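Remarks on the structure that follows.
Residue numbers (the UniProt record's numbering): 1 to 644.
Written out as structure tokens, the structure is:
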């Protein structure tokens, strides 16, 4: 047996686990003795000062901002409503400053909720002019599995299945329907991909509808001019011109009954403002009718104003009831959304999986996309700052804001501890302190954490790829748990920059774990993501080798060398934590049986002493001194009274 190879393998593993430890020693010294001017200045990967107003009248052309919020089964009143209220304040402030914005919810839990909760959520979306997309449940066989009593725009009082008769036989499919698959382990990436694909199809259909409308208006004007000229020739120029024709498509305010939810009988608030800061007029209470913008089981949308553009629906639309009132004109965006829904439905496996969607205007993607979680708080004046910074730096693809504060609910001992830990982690990324290697103020590449971040829509499209699993072009990677890191790598490969911003001064907030199980699941997700980036599954080692393709792509990418070193140190730190139990057992056996290992084995007490001095000792002292030098915290009280 070649002992030198064995010793070399152990040394490589030890170096990997010691990366983080060695890097922390250097950072502790820099926090105590190093300069602090860089924390108050802007750099390539760090923004500490708010951007200046755009020059040459750029403030009068602020870009449209789309706020994208992926949600699941979170409570409406306890989680979604406070977050949306905070977002609406920011949208109204941006509207007063001259910009436009919209809120686009990717609701993965809507079709899993009971009918009463589903109706309440749809009414809330309609009241606040929120665009939404809900894909079929995982494992669903199609519209024949729709919940009883739900028909898209209303909830019936009876328990009869509203989707009966709309199954595969009516569509002409004789084969067994294929279950719908929500790809991915945690489903967030596939949820956003599904909504973005529907939004891009909406844009294609909208461009065609606008072109058709312009052509129709041009023909109407030509006919009107010909009629006027003919009337002048026949009557000596004294005839009265006929009235202009009524346009077949309008951009009027959409009706709530056409957007997937019934109009509320009594509004609970006056916050139903659109992105321009003006209130949406109250809608007329219409009888249920086929909706082109909100799709549910038992409903087949089609263009109500033009028969020249037939919908690619795989089924024929039901004939309207004689008692049904004539619907009001629908805006072009809603018609385009209806066509996009039908196209997605037709492209689904077996033509059985139909998406639900509503409010086509808010489902469109703007030049800038703000990604938030369902439990978030944003500052009121954040949208214009992002528009300014994106306009001043075209190479910036992501502006990741620091969540310097957290949203606390229970205020018990565990939540206070996790809140303190979360605040420190976010500060670590900004300043490079005791828990996280990246130090954006010191020149490190900013991380992308997946929420409270502004993204350039054009950059996301440039970084899109073709998924080999189904051959479709996608924005987010559905095969990786760390879809945020994968996106950051692809953007850097395209020449874009990721920047960390701290000028919001705690305005962005996020929720924290309320129990040990939630926190443990969160750490398991992080460790799983790191393992997925580093190694292939063991079963594939004989065919593909131990190391994953992503780590090869990362190490040979054009990312800075210091970024590669710090990221590897961060990834290997999880293996140091995971190996603690195994190393403890080995230590007990080696020392308990008094094997002669003193020549190459370091006792656990010595390791404990080193980690205590570096992390808990000098790390805490260095972090406290740095915050004191920056004028952010007091020197002692912040560390002794962390649970207050």
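Idealized CB from N, CA, C, for every residue including glycine.
No experiment lies behind these values; they were computed from the predicted model shown.
- Selection 496, 78 and 91 evaluated against residue 121 yields 78 as nearest (Cα-Cα).
- Counting along the chain, the unbroken alpha helix (DSSP H) around residue 457 starts and ends at 457 to 462.
- Between the alpha carbons of residue 40 and residue 347 lies a gap of roughly 52 Å.
- Here residue 503 is not bridged, per DSSP, to any residue.
- The beta-carbon separation of residue 370 and residue 68, rounded to 7 Å, stays under the 8 Å limit for a contact.
- Contact check for residue 359 against residue 195 fails: the beta carbons are separated by 9 Å or more.
- Counting the other CB atoms within 10 Å of its CB gives residue 52 a total below 16, which places it among the exposed residues.
- Annotated three-state conformation of residue 601 is coil, per DSSP.
- The C-beta of residue 563 has 16 or more other C-beta atoms within 10 Å across all chains shown, which makes the residue buried.
- Nearest to residue 104 by alpha-carbon distance, out of 75, 363, 209 and 591, is 363.
- Contact check for residue 446 against residue 398 passes: the beta carbons are separated by less than 9 Å.
- Under DSSP, residue 106 shares a beta bridge with 70 and 133.
- The closest CA to that of residue 547, considering only 560, 214, 406 and 530, is found on 530.
- The DSSP-derived three-state label of residue 630 is coil.
- A distance below 6 Å between beta-carbons, with the five flanking residues on each side excluded, links residue 211 to no residue of its chain.
- In the DSSP assignment, no residue is bridged to residue 220.
- The way I'd put it, the region 408 to 418 does touch the region 507 to 516; three or more beta-carbon pairs between them come closer than 8 Å.
- Inter-residue distance for residue 459 and residue 637 is about 44 Å (C-alpha atoms, whole angstroms).
- Residue state for residue 351 is assigned as helix, using DSSP reduced to three classes.
- A Cβ-Cβ separation of about 7 Å places residue 570 in contact with residue 20 under the 8 Å criterion.
- The three-state reading of DSSP puts residue 113 in coil, since its state is none of H, G, I, E or B.
- Out of 631, 623, 630 and 420, the CA that lies nearest to the CA of residue 29 is found in 623.
- Looking from the CA of residue 201, the closest CA among 335, 533, 454 and 538 belongs to 335.
- Annotation for residue 509: the continuous beta strand (DSSP E) segment containing it runs 509 to 511.
- Residue 498 and residue 488 do touch by the CB rule: their CB atoms are close to 6 Å apart, below 8 Å.
- Straight through space, the alpha carbons of residue 366 and residue 73 are spaced by roughly 26 Å.
- Nearest to residue 466 by C-alpha distance, out of 490, 457 and 232, is 490.
- Rounded to whole angstroms, residue 611 and residue 604 show a C-alpha spacing of 11 Å.
- With a threshold of 16 other beta carbon atoms within 10 Å, residue 450 meets it and is buried.
- Counting only runs that start and end inside the region 485 to 573, the beta strand (DSSP E) elements of at least 3 residues fall at 497 to 501 and 509 to 511.
- Per DSSP, residue 407 is one residue of the beta strand (DSSP E) stretching across 405 to 407.
- DSSP, reduced to helix, strand and coil, places residue 439 outside both helices and strands of the structure shown, so it counts as coil.
- Per the DSSP secondary-structure output, residue 473 pairs in a beta bridge with 466.
- The DSSP-derived three-state label of residue 100 is coil.
- Nearest C-alpha to residue 385 among 81, 504, 18 and 631: 504.
- The continuous beta strand (DSSP E) containing residue 398 extends over residues 396 to 401.
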